[in-house]
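A.B. asks: Below are the structure tokens for one structure; questions will follow.
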Amino acid sequence: MTFKEIQDLIKLMDKSNLSEFSFKTETYEIKIKGARTYAAQVVNTSMPMMAQPMPAVSSPTPANSGTSDDFKSESPSNKNAGTGNLIEVKSPMVGTFYRSSAPDKPAFVSVGDSIQKGSVVCIIEAMKLFNEIESEFSGKIVKVMVEDASPVEYDQVLFLVEP
65 MTFKEIQDLI KLMDKSNLSE FSFKTETYEI KIKGARTYAA QVVNTSMPMM AQPMPAVSSP
125 TPANSGTSDD FKSESPSNKN AGTGNLIEVK SPMVGTFYRS SAPDKPAFVS VGDSIQKGSV
185 VCIIEAMKLF NEIESEFSGK IVKVMVEDAS PVEYDQVLFL VEP
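Quick note: this note's numbering has the sequence shown finishing at residue 227, numbered continuously throughout.
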């Protein structure tokens, strides 16, 4: 099972009223528990003690009906949820948000900085991998929505950008 498939399962749990989900095959077992906090654990039964549990994922979004329409893919959120003409840069994954490449390095972007399409705006660490998050549009950073070294969720707003 891929990391993306596990993310999709967590997203599905978030959108449903289920409090627990488990799935088992000959090679692995997945258990997701909790209405507000999910802990997913993958156990590879063909190679004992090789898989490690995933960190708990906190979900601030309320559960809803879980219909298939809830899972439509969207481009970089150009939704303007009460933010005027601002564009939201959202997290493409669950992980830990970092504004710079190292603690002694400057932040990739700060409030007031202009960004170009393809420029790195932050790093998200997921499962010991550091993923550079690139902007999908050009604009000016208006607000940083997450503190450095904080956990983030899939689709959480990281930055507000003025196009």
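We put the CB at the ideal spot given by N, CA and C, even for glycine.
Does DSSP put L150 in a helix, a strand or coil?
C.D. replies: L150 falls in the coil class under three-state DSSP.
A.B. asks: If contacts are defined as beta-carbon pairs under 8 Å, then M157 and Y218 qualify, I think. What distance do you get, rounded to the angstrom?
C.D. replies: Yes, M157 and Y218 are in contact; Cβ-Cβ is about 6 Å, under 8 Å.
A.B. asks: Where does S155 land, buried or exposed, given buried means 16+ other C-beta within 10 angstroms?
C.D. replies: With 16 or more other Cβ atoms within 10 Å, it is buried.
A.B. asks: Using the Cβ count rule (16 or more neighbours within 10 Å means buried), how would you classify S174?
C.D. replies: S174 should be labelled exposed.
A.B. asks: Could you pull the DSSP bridge partners for S86 from this structure?
C.D. replies: S86 pairs with K95.
A.B. asks: Just verifying my parser: in three-state terms, what is the DSSP assignment at K204?
C.D. replies: Three-state result, K204: strand.
A.B. asks: Contact defined as beta carbons within less than 8 Å: I believe V210 pairs with V225. What is the distance between those atoms, to the nearest angstrom?
C.D. replies: That pair is no contact at about 14 Å.
A.B. asks: Where does E217 sit, in a helix, a strand or coil, going by DSSP?
C.D. replies: If DSSP states are grouped into helix, strand and coil, E217 belongs with coil.
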